[in-house]
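Position 47 of the sequence shown, counting from 1, maps to 46 under numbering that gives the first Met the number 0, and the rest follow consecutively. The block underneath contains the structure these notes are about, expressed in structure tokens.
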Amino acid sequence: MADPRVPGEGVDPGRIDLPCGETVHVRDVDLGMRELRCDCGGTHAVVLDPHPLSRFVPEDVADVLRETIETEDDFPEFTTAHLMGVVIEEFPEEVAVADVAEDGSVGYAMAWVTDFDARRLHEVVVELLVELMDHAVSHADETTAAEFERQMLEFDVEAFVDAYRRERDFDSEFDAPV
Ligand SMILES: [Zn+2]
Numbered sequence: 000m001a002d003p004r005v006p007g008e009g010v011d012p013g014r015i016d017l018p019c020g021e022t023v024h025v026r027d028v029d030l031g032m033r034e035l036r037c038d039c040g041g042t043h044a045v046v047l048d049p050h051p052l053s054r055f056v057p058e059d060v061a062d063v064l065r066e067t068i069e070t071e072d073d074f075p076e077f078t079t080a081h082l083m084g085v086v087i088e089e090f091p092e093e094v095a096v097a098d099v100a101e102d103g104s105v106g107y108a109m110a111w112v113t114d115f116d117a118r119r120l121h122e123v124v125v126e127l128l129v130e131l132m133d134h135a136v137s138h139a140d141e142t143t144a145a146e147f148e149r150q151m152l153e154f155d156v157e158a159f160v161d162a163y164r165r166e167r168d169f170d171s172e173f174d175a176p177v
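Next comes the structure, spelled out in structure tokens:
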């Protein structure tokens with residue numbers, strides 16, 4: 000029989016040291032959570048790996064992402080975890096991560112908490128996805144690439160995020176920026 004883990008030994012994988020200096024624990028983060036109010040006075044976005052890409056973009060856009068973006072790991076298609084990897088690349092100091100894959104009790108394997116709130120994260124995500132797609136279509140033929148760029152010039156990230164958050168009814172119990 001394996002030795003039970005001694006509490007206090009090593010680093011607790013469920014402990015998340017936030018960029019603001021505060022600490023939260025995965026025990027306090029559940030699947031319905033999109034945002035947490037922090038002791039620092041701020042509000043931080045929470046993302047968990049079971050959250051679908053459609054939290055941020057419509058399902059048809061998520062389909063395009065899954066079809067066009069090549070992943071560099073064992074996952075065959077683009078997931079929320081890849082998306083958060085992109086966010087971390089862009090904002091390494093502003094995202095805290097917990098890998099709790101070993102902990103069967105919390106219902107998810109990865110948790111990300113950002114320094115900014117859920118609304119700002121949503122904007123950041125959409126901006127990064129637009130860049131990713133722009134990169135992907137630049138490998139497509141010229142007409143497709145030109146058409147995409149024309150559309151993107153007219154694309155208003157803030158307006159999109161406003162509309163999307165309204166539409167997805169973020170007041171509902173399970174989809175709320177609590
Ligand atoms: Zn904080």
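Here a beta-carbon is modelled for each residue, glycine too, at the ideal position from N, C-alpha and C. If you're wondering where the values come from, they're calculated on a predicted model, not measured in any experiment.
Cα-Cα separation, residue i to residue j
i: E21; j: A139; result: 45 angstroms
i: W111; j: R26; result: 14 angstroms
i: E76; j: A61; result: 11 angstroms
i: V96; j: A80; result: 11 angstroms
i: A108; j: F55; result: 20 angstroms
i: G31; j: V160; result: 20 angstroms
Coil, strand or helix - residue i by DSSP
i: E141; result: helix
i: I68; result: coil
i: H181; result: In the structure as shown, the chain begins at 0 and stops at 177. Residue 181 is therefore absent and cannot be evaluated.
CA nearest to the CA of residue i, picked from the options
i: P57; options: Q150, S137, L128; result: L128
i: C37; options: A144, T143, A117; result: A117
8 angstroms Cβ shell around residue i - same chain, five flanking residues per side excluded
i: F115; result: H43, A44, E93, V123
i: G13; result: H24, V25, R26, A97, V99, D102, V105
Residue i CB to nearest heavy atom of ligand 1 below 7 angstroms
i: G84; result: no
i: L47; result: no
i: L17; result: yes
Same chain only: Cβ atoms within 6 angstroms of residue i, ignoring 5 sequence neighbours per side
i: V23; result: I15
Same chain, Cβ closer than 7 angstroms to residue i, neighbours up to 5 away in sequence not counted
i: V156; result: E122, V125, E126
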